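Asker: Sharing a structure, written as structure tokens. Questions coming.
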Amino acid sequence: MTGTDWFTRIGVAALLVLAGGACGGDETDSSGAKVLSLPMRTDGPKTMDPVRGSTTYDNRACSLVYQPLLQYKYLIRPYELEPLLLEEMPSISDDGRVYTFKLQKGIRFQDDECFPDGKGRELVAADVIYSWKRMADESNSPKSWWLLDGQIEGFDAYREAQNLAVDGGGKFDYKQEVSGLKLLGEHEFQVTLTEPVYTFMWKLAMFQLAVVPREAVDHHGDAFVDHPVGTGPFKLDSWERRKKMVFVRNPTYWDDRYPDESMPGDVEAGFTKAVGTALPIADRVVITMFQQDQPMWLQFDAGKNIQYTQVPAENFEEAFNKRTRELKPEWAARGITAHEVPLLDFIFRGFNMEDSLLGGYTEEKVKLRKAICTALDWEEQNRSFYNSKNIVYDGMIPPDMDGHPASHKVKGQDYGDANIELAKKLLADAGYPGGQGLPALEYYVSRSGNSAEQAEMLKRQLSRLGIEVKVRLVDFSTLIETVNTKKAPFFSFAWSSDYPDAENNLALFYGPNESPGSNHFNYKNAEYDKLYEQCRTMVPSPERTALYEKMRDMVLDDAPYAGSMARRRHYLVQPSLKNFKPTETFYNWVKYLDVDPSARPAASN
Amino acid sequence: MWAYIFRRLIYNVPVFLGILLFVFAALRVNDPVWMYLGKGATQEQYETKKKEFGLDRSYPVQYFELLGDVVTLNFDQKSWGQEGLTVGELLGSSIKPSLAITVPALFLTSIISICVGLISSFFRGGKVDKTLVILAVLGMSISFLVYIILGQYFGAYKILKETGASPFAISGYEPGIGNWAHYCLLPVMISVIVAMGYDTRFYRAVMVEETTRDYIVTAQAKGASRRKILFVHMLKNAMIPIITRIMITLPFLIAGSILLEMYFTIPGMGRTLITAINDKDFPVIQVFTAMFAALFILSNILTDVLYALVDPRVRLS
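Below you can see the structure in the form of structure tokens.
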């Protein structure tokens, strides 16, 4: 045999090895089963125990297996709640404190070895109460006790007493009754709140309050964190940490159907074709972890392994026209669709209302703050740092929430673009013509990302009024501490809403919440506080929305902050993925997704 | 030789205890429990966690427990960041993917760099030497990250895009020999290209020094072939610095490559460590650092032993 023959043999062998490996890279199912291939831009969830979870990624993973009492209506914006495990929405007593829940009958936990004969049993009301009590048990390392803290009558006292007993060598008694949690029957229970707060409803849709069976917790012990047993549409099949998770259809899932309520545009987008279809639609879900954007982006662009992607900032102009923010024709020609998701953000520059220079409620003080608000150009910031992707709006209520202003603007209080002439006049009226006599402003900002550059822009924008700014770039923990101790006169902050109800943002200006609470502005307005106390007990209604708008405008009048802006994420979806209406507010949407195995993902040419 | 190894191990016990003490103290300068819980945690939560994690015990007790765990290779401590996993399970599952990249990369880099260094030194001052030196300097001047991004783009994505074939994965990892080339070969090649610049320069300098030795002139006078002078005489005499350089990198084989693993989504040690640091996963960081120190000491001892094996003038006494 010649040398050339050997060379050829080695070459062919190498190609065969590489080709063999290449086959292993595709996520296809020869049986024709519908496989969803979804990305997760992180190292993965930390736990599959709802009580121990707190992050978005924990939420995404847990929401496939576990279910809380309520869920968000999949296609409806602004967001609305609907029953999930319940027969109907809970009935609320006239005083707003007593909630009565009726569970659907026939919902079963997934089959698991923890049950007799491995067959999942029916969900009952006692499971809900047990699951919530787990949140009180410190030995479970609950990450989200704040959801129930001070909310349910007798629950805080129960928590304290039981944990004290554990510290004393005893056991946490789950059978001990809590006055605010009452079983009314096998499928019915009642919750008594300490005060009438409607936002309790939003918490009932959070994954941390999902229902788990006691048998599974007891049987699996420490392994329960990666051995989930829920009532959800999928079962965890395998979890390779920091790599991928595979879920398979829960064969005993209850009769859950694709919703028939939709928004204008949903029909054209094809989101309504599956109305009435039994859920989940897909047979298998493969979630791949990506710690970096580039591999995720390239995998999507190549039509490999993932069916949608969030568009990384550095790839935005590759996919979208920068000016119009429309998907470029070459991507659209491949059948790829683009979706925008506004986040529930309130990004602002705050003033400490107790500061001797910037704080206060006199006409001069308000004019000084308004001069600053009017001189800041949020649109320029959006253009320069975010490719104009973000939403600049007036007020503190983010998009997709009741009370958010139409077209993002409040008439007479429009702070999107700078108005230097008006700002100069306001500054002069405040007693500082051309900035004369005004000491340098101390501006605190967290040292992260491009915050230093953004602070430079703020300095330049305010210098047009003759205002000098001293930028204090500090660690985030120092920023929090400085703001909490009321030592930061002017600071950069952001708030991401815990639930899509403006009450969450309006609470930021409620007097009793002053620092170190969430009212970092230390804003105090008796009338506002009264209205807040009134609106937090109200159910969603036009009256409540009108109240939200009134409160929003009251705060704008006093100008305790300059703003606002919300991030907007962009998603690209392969033509093979159906029914995907992206959102970052809830994460149980995987059950609605369909995949067309005949439509191969589109790779670029 | 065994007596020497034993003696060196004994000598290094105080060194290891000192390093372990340093690691132990450094990881406690900022309270790990507060770091883990964040500033929003209550004192009650803090006390509970501290007790749960066993950090409420005295420092000597904690120190000797850590020492015992490292010496007996007991890594059953629960990870704080990856619930349900022990430190041993976490590190154990990460070592293989890391070694799948680092071992071939070290092997290839060393072989190629030594050969290039030999050739370059032999033609010192000539066109071949100058070309190789320029390439090496160019290789060193470009950031590792650039190689990774471009390598991933052109080596995996572009090939797939242009030809439809996928010889190299854009990212991902599957165990097994059959999958190795698809998932690991591209990261290995990138790693080799990056390391070659540095290694070639180093080995060239070593070899250049050897070319001035008398034995080279003698070999030439005796009519030894160029190949024999290069690969027998010079290489053998240059083994001490070569061994030193290779052995120094051994502990880093375990540590993996953070950037490569992050960009190619390889669940190796580098990613595990970064994740642990981000999660304030104290047990993982502590054990990893302690084991890394132990590996460093062991590789130093092994280096000395290898010196004696390759150079009869070195006596292990």
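Residue numbers (this note's numbering), protein chains in the order written: chain A, 52 to 656; chain B, 34 to 350.
Beta carbons are placed, not taken as given, at the ideal position from N, Cα and C, and that holds for glycine.
Just so you know, these numbers come straight off a predicted model, no measurement behind them.
Starting from the Cα of A:E173, find the closest Cα among A:K184, A:G157, A:E164 and give me that residue.
Answerer: Ranking A:K184, A:G157, A:E164 by Cα distance to A:E173 puts A:G157 first.
Asker: Taking the alpha-carbon of A:E239 as reference, which of A:K153, A:T250, A:T323 has the nearest alpha-carbon?
Answerer: The residue with the shortest Cα to Cα distance from A:E239 is A:K153.
Asker: Going along chain B in order, which residues have a C-beta closer than 7 Å to the C-beta of A:E189?
Answerer: Within chain B, the residues near A:E189 are T81.
Asker: Would you mind stating whether A:S543 and A:S502 have Cβ atoms separated by less than 8 Å?
Answerer: Yes, the pair counts as a contact, with Cβ atoms nearer than the cut-off.
Asker: Which residues in chain B sit within 7 Å of A:S273, going by Cβ to Cβ distance?
Answerer: Contrary to the premise, residue 273 of chain A reads as Asp rather than Ser in this sequence. Under the 7 Å cutoff, chain B gives G117.
Asker: Have a look at A:K194 and A:G281 and give me their C-alpha separation to the nearest angstrom.
Answerer: If I take the Cα positions, the gap works out to 19 Å.
Asker: Starting from the beta carbon of B:S290, find every residue of chain A whose beta carbon is closer than 8 Å, and list them in chain order.
Answerer: The premise fails here: B:S290 is roughly 13 Å from chain A at the closest Cβ pair, so nothing lies under 8 Å.
Asker: Opposite A:M296 in the DSSP bridges: which residues?
Answerer: Answer by DSSP bridge pairing, in chain order: A:W290, A:I338.
Asker: Say whether chain A places a C-beta atom closer than 8 Å to the C-beta of B:R61.
Answerer: No - not a single Cβ of chain A is within 8 Å of the one on B:R61.
Asker: Identify every run of the beta strand (DSSP E) within the segment 571-652 of chain A, keeping only runs that are complete inside it and at least 3 residues long; order them along the chain.
Answerer: With a minimum length of 3 residues, the continuous beta strand (DSSP E) runs that stay inside the segment 571-652 of chain A are 612-617, 619-624.
Asker: Residues in the same chain with beta-carbon distance under 8 Å from B:D344, minus the five sequence neighbours each way, listed in chain order, please.
Answerer: Excluding positions up to five away in sequence, the list reads M272, I273.
Asker: What number of angstroms, rounded off, separates the C-alpha of A:L66 from the C-alpha of B:N212?
Answerer: Unreliable placement is indicated for A:L66, whose pLDDT of 44 sits below 50; no coordinate value is reported for it.
Asker: When you compare only the Cα positions, how much space is there between A:S439 and A:N433?
Answerer: Between A:S439 and A:N433, the C-alpha separation is close to 5 Å.
Asker: Flag A:P101 as yes if its beta-carbon sits less than 8 Å from any beta-carbon of chain B, otherwise no.
Answerer: By this cut-off, A:P101 is not an interface position.
Asker: Could you name the residues of the segment 262-287 of chain A whose beta carbon sits closer than 7 Å to any beta carbon of chain B, in the order they occur along the chain?
Answerer: For the segment 262-287 of chain A, which is checked against every Cβ of chain B, the residues closer than 7 Å are D273, A274, V276, D277.
Asker: From the beta carbon of A:T98, is the nearest beta carbon of chain B less than 8 Å away?
Answerer: Answer yes: the Cβ-Cβ gap between A:T98 and chain B drops below 8 Å somewhere.
Asker: Ordered along the chain, which non-local residues of its own chain (more than five positions away) have a Cβ less than 6 Å from that of A:H455?
Answerer: Hits under 6 Å: I448.
Asker: What are the boundary residues of the alpha helix (DSSP H) that A:F351 is part of?
Answerer: From DSSP, the alpha helix (DSSP H) with A:F351 extends over 344-352.
Asker: Hey, is A:F341's beta-carbon within less than 8 Å of any beta-carbon in chain B?
Answerer: Yes, A:F341 counts as interfacial toward chain B.
Asker: Between B:I192 and the rest of its own chain, which residues show a CB-CB distance below 8 Å, the 5 nearest in sequence each way excluded?
Answerer: Cβ neighbours of B:I192 beyond the five flanking positions: A198, S199, P200, F201.
Asker: Rounded to whole angstroms, what is the Cα-Cα separation between A:I387 and A:Y622?
Answerer: The alpha-carbon atoms of A:I387 and A:Y622 are separated by roughly 10 Å.
Asker: Three-state secondary structure (DSSP) at B:V347?
Answerer: In the structure shown, B:V347 sits in coil (DSSP, three-state: anything other than H, G, I, E or B).
Asker: Are the Cβ atoms of A:F258 and A:S114 separated by less than 8 Å?
Answerer: Yes, the pair counts as a contact, with Cβ atoms nearer than the cut-off.
Asker: How is B:I330 classed by DSSP in three states: helix, strand or coil?
Answerer: Looking at B:I330 - three-state DSSP - the assignment turns out to be helix.
Asker: Measuring only between beta-carbons, confirm whether A:L87 sits less than 8 Å from chain B.
Answerer: It does not: the Cβ of A:L87 has no partner Cβ on chain B nearer than 8 Å.
Asker: With DSSP as the reference, label A:R4 as helix, strand or coil.
Answerer: Missing from the structure shown is residue 4 of chain A; chain A here goes from 52 to 656 and no further.
Asker: With DSSP as the reference, label B:F156 as helix, strand or coil.
Answerer: The answer is coil: DSSP assigns B:F156 none of H, G, I, E or B.
Asker: Taking Cβ positions only, does A:R210 come closer than 8 Å to chain B?
Answerer: False, the Cβ-Cβ gap to chain B never drops below 8 Å.
Asker: Between which two residues does the beta strand (DSSP E) harbouring A:E493 extend?
Answerer: Run containing A:E493: 492-497, per the beta strand (DSSP E) assignment.
Asker: Quick one: using the 10 Å Cβ neighbour count with 16 as the cut-off for buried, is A:N639 buried or exposed?
Answerer: The residue is buried, with at least 16 neighbouring Cβ atoms inside 10 Å.
Asker: When Cβ atoms are compared, which residues of the segment 174-194 of chain B fall closer than 8 Å to chain A?
Answerer: Listed by position along the chain: I182, Q185, Y186, A189, Y190, L193, K194.
Asker: Closest to A:R128 by CA distance: which of A:T636, A:L644, A:Y494 is it?
Answerer: Looking at the Cα atoms, A:T636 is the closest of the given residues.
Asker: May I ask you to list the residues that DSSP assigns as paired with A:F152?
Answerer: Answer is A:F240, bridged to A:F152.
Asker: From A:L513 to A:F560, what does the alpha carbon distance come to, in whole angstroms?
Answerer: Computed Cα separation, rounded: 25 Å.
Asker: Nearest to B:T282 by CA position, among B:V104, B:P47, B:T142, is which residue?
Answerer: Among B:V104, B:P47, B:T142, the Cα nearest to that of B:T282 is on B:T142.
Asker: Applying the 10 Å Cβ sphere with the 16-neighbour rule, what's the burial state of B:E243?
Answerer: The residue in question, B:E243, is buried, as its Cβ has 16 or more Cβ neighbours within 10 Å.
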